[in-house]
Every structure is written in C-alpha cells, then in structure tokens.
Amino acid sequence: MHWHCEPPDTSPSTHPGGTEPHSQGRQHLMARDWRTNDVVIVGCGLSGLTAGLFLLRRGYGVTILERRSSYGGLCGTFEMDGREFVIACNDFGQGLVRTLEELGVPLRFKSKKTRIFYGDRVYELPLSAGTALRLAPHMRALARFFLGLRRARRAGEGTRSLGEFVDSTVGRCEAGDLLKLPAYLMGVRPEDFQLHSLWDEFQYDYGYSKPATPVGGPQVLADTLANRFLAGGGTILLSTECRNVHTDGDGYTLDTSAGELRARAVLSTAERTDPALPGSKPGLPVSMFCVAVSKELPYPEEIHTLVHYPPGISDWFGKLDSGVPSSEFGFHLFRSELPEKPDHYTLNIYFYLPRGVEEPEGAYVQQAEDYIFSHAERMLPGLGKAILYKRFVSPRMFSQRHGLSSRVTPLITGPGIPKADNHDAGTGLYYAGNSVFPPGDHAGAAILSARISAGLIANRLSP
Numbered sequence: 045m046h047w048h049c050e051p052p053d054t055s056p057s058t059h060p061g062g063t064e065p066h067s068q069g070r071q072h073l074m075a076r077d078w079r080t081n082d083v084v085i086v087g088c089g090l091s092g093l094t095a096g097l098f099l100l101r102r103g104y105g106v107t108i109l110e111r112r113s114s115y116g117g118l119c120g121t122f123e124m125d126g127r128e129f130v131i132a133c134n135d136f137g138q139g140l141v142r143t144l145e146e147l148g149v150p151l152r153f154k155s156k157k158t159r160i161f162y163g164d165r166v167y168e169l170p171l172s173a174g175t176a177l178r179l180a181p182h183m184r185a186l187a188r189f190f191l192g193l194r195r196a197r198r199a200g201e202g203t204r205s206l207g208e209f210v211d212s213t214v215g216r217c218e219a220g221d222l223l224k225l226p227a228y229l230m231g232v233r234p235e236d237f238q239l240h241s242l243w244d245e246f247q248y249d250y251g252y253s254k255p256a257t258p259v260g261g262p263q264v265l266a267d268t269l270a271n272r273f274l275a276g277g278g279t280i281l282l283s284t285e286c287r288n289v290h291t292d293g294d295g296y297t298l299d300t301s302a303g304e305l306r307a308r309a310v311l312s313t314a315e316r317t318d319p320a321l322p323g324s325k326p327g328l329p330v331s332m333f334c335v336a337v338s339k340e341l342p343y344p345e346e347i348h349t350l351v352h353y354p355p356g357i358s359d360w361f362g363k364l365d366s367g368v369p370s371s372e373f374g375f376h377l378f379r380s381e382l383p384e385k386p387d388h389y390t391l392n393i394y395f396y397l398p399r400g401v402e403e404p405e406g407a408y409v410q411q412a413e414d415y416i417f418s419h420a421e422r423m424l425p426g427l428g429k430a431i432l433y434k435r436f437v438s439p440r441m442f443s444q445r446h447g448l449s450s451r452v453t454p455l456i457t458g459p460g461i462p463k464a465d466n467h468d469a470g471t472g473l474y475y476a477g478n479s480v481f482p483p484g485d486h487a488g489a490a491i492l493s494a495r496i497s498a499g500l501i502a503n504r505l506s507p
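So for the sequence shown, the working numbering puts the first residue at 45; every next one is plus one.
So this is what it looks like as structure tokens:
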C-alpha cells in the first residue's frame, strides 16, 4: 500500500524581490545516517520540530523532511528588497512557553499588550485600569454574557456560534462587538466561530490570555528549536519533497527527492482538512502590507499589536466572508521583534480580502491602502511621514513566495464536526499541526498536537 504524503511545493525556485536568508544546505543538517530511522517527520515547522524533540528525548532516531529551503514554516522571517520581515506567526500562548521549558529549549519570552481602537475609544488586553474604567458602562451586558456562557457550557451548547450567542444575550452594540473580538483574531466571522473555541483556551491551557513574544523574533524561535534538535542527534533534510509512503507490514518506505528512507513510523504535519465536510469551508487568507519605518518613529514599548476594529463586525466581516468588499474592515499591525537595525524597523499590517480574491486589482489595493494608512495614523502617530518602504503582499504572492497558505484558520468546520485525528488507523500514519486534534487553529494547538502524536508513536514503538 502507498499514500501521497504531502502537497507539492508551490514556492518558486527564486523569490522575486526577496530571499529566505535562513535556508541551509542539506549537508549541514545531518547528524547521522538518515536512510534508516525510527521515525520520519514530514514538515519542519513548529509542530514537526517539537514532535522531533519529544521523540529524541525518548531515545528514537528521527529525521525531518522539509520541502522548502528553510525550517520553521510560518514561524520565521524573510528578506524582501533588503529588509527583514516576519513571515506570519509573531506571538504565542503561555502553553508553548511551558512546553519549550519542559524540553529544555533555552529561549526567553516577553509579554506585551494588545491595543484595540474601536470607534473613538481605546481598549487594552490583558485588561488595564483604563480599559476596566471604559468597560464600566457595559458591566451589566458583560455579566449577562458570562452567566449565559456558563449556562451554555453546562447545557453542552458548544456548537452555538459566538455571533448568534452574543446577539441573543447582549445585542448588537459596543459590548457585543468587543465580545466578538476572538472571531476577528482567528480570521472567522462571528457566526462561524463556535462557543467551544472559547472553552478550549482553558481546557487545553493554551495561555493566549497572556500572549508571549520570543526575544529576538520568530526566526530565533525556529533556529533555537532546530539547533536543539540537531544537537540531540536528529537530522533535517531541507529542499526534500516526500512523494509517497509505502508500507510492507514491517515498516515504511518513503520515496523522496533525496532518495528512499526507511522508518518504523511516519508523522506528517501536512494540512489534513476536508472542505467537503458538511457546513465546512476554508478560512480566509491574510493579506498584508510589509512596511519599513524610520527608527525615529516611536512604537509603544508595552504594546505588541495594534488593532483597528470598527463597529459592526458581524456586518463587515460577513460581507468579506461572502466575497463582497466592505467600506469598513478590521486590520492589525505589529512591530517586528527583530535584532535592531541602524536606521529602521519593520511592521506587518494584516487584513482580509473578500473570499475568493487571491490577487486583487490595483484599484482595490489602492482603496485598501488608503483606508488602512489613514486609520493607522491614529494608532501610530507620525507613521505616514516615517515610512521608508511599503509593499503589498496578496494571498497568492504569499503562497508563491513561501510555499505556504496565509490562512489563520485552515478549515472552518460545521457544527459538531471534530478535527481530524492524530492517527489514521487505515494507513498507520500519524499527524500533527493545527489542522488536527486538539481544537484550536493556532501555534499553541499545533505544539500540543505534536506532543500528543509523539506520545502515540513512542507508545507504539516501545518494547
């Protein structure tokens, strides 16, 4: 029996306007003979590296295959026109921090706030004293929501949508919009965001209520994980595509662009989703502006993310999800936590295009740019005059450059449809990443899935 084990690499052999500076030649990442292994992992993002570290700790020989020329997946940086930008992942939950501490990965994190601009008011998360005062007029509405949420959990109503639940308990008002913020942060309209996603945060101890950013940026996180994996005896094969996996009942043979590998178990981090599931659809991909600004522009030291969050999210996000442009829409920006540059620092600005638009026309991009930067001026005073460089990156451009999707949520599932399992009993293959169990469409879930899958493999391989 054999299976295709990952989608083909969609990244070009060269990257117009930019490179991936952290790629390394295959020869430098070998710690042993890589053709015979206890475990082969397909995909060298956060989940692949984490699973590899857990398996090395149990004493197994592990090789990780990565079709791209660099490790880290969405967690890392890239160079464009001589400037360094974050690829995607930029802050993480405390659950990831604890996992890395358990694995002995030497990395420091710092926690900062998120500042939300809603109409003429400003809120901060985690709550500041000023935010608590501004929320005071909404306390009765918030109390109704949280009491109702407790009753809904006891009644097993986790598949109700956040949008419908907020509208029924609080109404369409400022408090209601603020309570729908988690949906925006996951790139999902509130009517598609199920209540159990709120409970999952606490059940699985992801710790996103106090987000953390790696000191030095996401590339330092990826580098530190990869270096620890290699130092522990693991092997990473970059620019290596896994084409098929065969089993003969006595293990697995992987047909790759580097030759054949043997393994006792195979773990894939390729996205495992089925858009044909009832009520399911792909999440919206992120579009972005990559911006370099003068080092003289002050960025608030205690803030990581600035969010423009206009009233009526159910309306404007509903339009975008339906493929219809909206005159109002949310966006957020952050300063790249990278080593200091002599004259500038970089920003990423994320927003969503209407569903189905992968490469917008120039006129639409200009409208979005005018809207975003006019509002961003209030969020970061002096931004317009400080800009040294600005470039739009569409979902299609992102995929072509990185060979990855920019979707925050891989698949929006219909009510009552669980995530795919970590083990396929039919093929014997194991899976990790944020498209499989446990619930959650973020790096925290990907890390926990890696731990779960590594444990399943170790239990099967143990005498």
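C-beta: ideal position from N, C-alpha, C; glycine also.
Tell me the residue span of the alpha helix (DSSP H) that contains residue i.
| i | result |
| --- | --- |
| K429 | 427-430 |
| F136 | Segment: none, F136 is in no alpha helix (DSSP H) and carries neither H nor E. |
| G92 | 90-101 |
| R379 | First-last for R379: 375-379, but that is the beta strand (DSSP E), not the alpha helix (DSSP H). |
| Y228 | 225-229 |
| A307 | Counting along the chain, A307 falls outside any alpha helix (DSSP H), though it belongs to the beta strand (DSSP E) covering 303-312. |
| T279 | Run containing T279: none in the alpha helix (DSSP H); it sits in the beta strand (DSSP E), 279-281. |
Using CA atoms only, rank isn't needed, just tell me which of the options is closest to residue i.
| i | options | result |
| --- | --- | --- |
| E384 | Y115, G215, F361, F129 | F129 |
| R440 | P342, P329, G488 | P329 |
| G137 | L500, R495, A489 | A489 |
| Y245 | A487, S366, S506, I501 | In the sequence under discussion, the amino acid at residue 245 is Glu, which differs from the Tyr named in the question. Measuring from the Cα of E245, the nearest candidate turns out to be A487. |
| R12 | T143, L171, L281, Q263 | A question about residue 12 goes unanswered here, because the residues of the chain that appear run from 45 up to 507. |
| K434 | F333, L274, G460 | F333 |
| M124 | A494, G484, F436, D465 | F436 |
| G327 | R308, V149, V106, L397 | L397 |
| R504 | F373, R308, P262 | R308 |
| Y115 | P507, G231, P262 | P262 |
| G202 | L242, D221, S212, L177 | L242 |
| A302 | I108, G103, E372 | I108 |
| A132 | G356, F395, E402 | F395 |
| D365 | P386, G447, V401, E340 | V401 |
| G117 | L321, S443, R216 | S443 |
| T284 | A275, V264, L391, L305 | L305 |
| D267 | R197, S479, F417, C119 | C119 |
Is residue i near the ligand HEM, in the sense that its beta carbon is under 7 angstroms from a heavy atom of that ligand?
| i | result |
| --- | --- |
| L341 | As for the ligand HEM, it is missing from this structure, which has no ligand bound. |
What would DSSP say about residue i, mapped onto helix, strand or coil?
| i | result |
| --- | --- |
| P483 | coil |
| E413 | helix |
| Y408 | helix |
| S418 | helix |
| E128 | strand |
| G488 | helix |
| G207 | helix |
| L1 | In the structure displayed, the chain extends from 45 to 507; residue 1 sits before or after that span and is not available. |
| K26 | A query on residue 26 cannot be resolved here, the shown segment of the chain reaching from 45 to 507 and no further. |
| L222 | helix |
| E235 | helix |
| T213 | helix |
| V106 | strand |
| P454 | coil |
| P262 | helix |
| A256 | strand |
| P326 | strand |
| G192 | helix |
| L144 | helix |
Which term fits residue i, buried or exposed, when burial requires 16 or more other beta carbons within 10 angstroms of its beta carbon?
| i | result |
| --- | --- |
| T80 | exposed |
| S249 | Correcting the residue identity first, residue 249 is Asp in this sequence and not Ser. Answer is exposed; the Cβ neighbour count stays below 16. |
| H352 | buried |
| S506 | exposed |
| E421 | exposed |
| E345 | exposed |
| P404 | buried |
| K463 | buried |
| M423 | buried |
| F190 | exposed |
| V106 | buried |
| V83 | buried |
| E110 | buried |
The beta strand (DSSP E) that contains residue i, what's its start and end?
| i | result |
| --- | --- |
| N392 | 388-396 |
| Y167 | 165-169 |
| S331 | 330-338 |
| I461 | Where I461 is concerned, there is no enclosing beta strand (DSSP E), given that its DSSP letter is neither H nor E. |
| R287 | 286-291 |
| T349 | 347-352 |
Three or more beta-carbon pairs under 8 angstroms between the segment 289-309 and the segment 404-424, yes or no? No, the segment 289-309 is not in contact with the segment 404-424.
Taking contact to mean 3 or more Cβ pairs, one atom from each stretch, closer than 8 angstroms, check whether the segment 252-272 and the segment 132-152 are in contact. Output reads yes: the segment 132-152 touches the segment 252-272.
The segment 425-435 touching the segment 161-181, judged by at least three CB pairs closer than 8 angstroms: With a cut-off of 8 angstroms, the segment 161-181 and the segment 425-435 do not count as touching, because too few Cβ pairs lie within range.
Three-pair Cβ contact test at 8 angstroms for the segment 477-485 versus the segment 455-468: Yes, the segment 477-485 is in contact with the segment 455-468.
Okay, do the segment 226-241 and the segment 204-218 touch, 3+ Cβ pairs below 8 angstroms being the bar? Yes, since at least three Cβ pairs between the segment 226-241 and the segment 204-218 fall closer than 8 angstroms, the two stretches touch.
Using 8 angstroms as the cut-off, can you tell me whether the segment 463-479 makes contact with the segment 371-379, which would need three or more C-beta pairs spanning the two stretches below that distance? With a cut-off of 8 angstroms on Cβ pairs, the segment 463-479 is not in contact with the segment 371-379, counting fewer than three such pairs.
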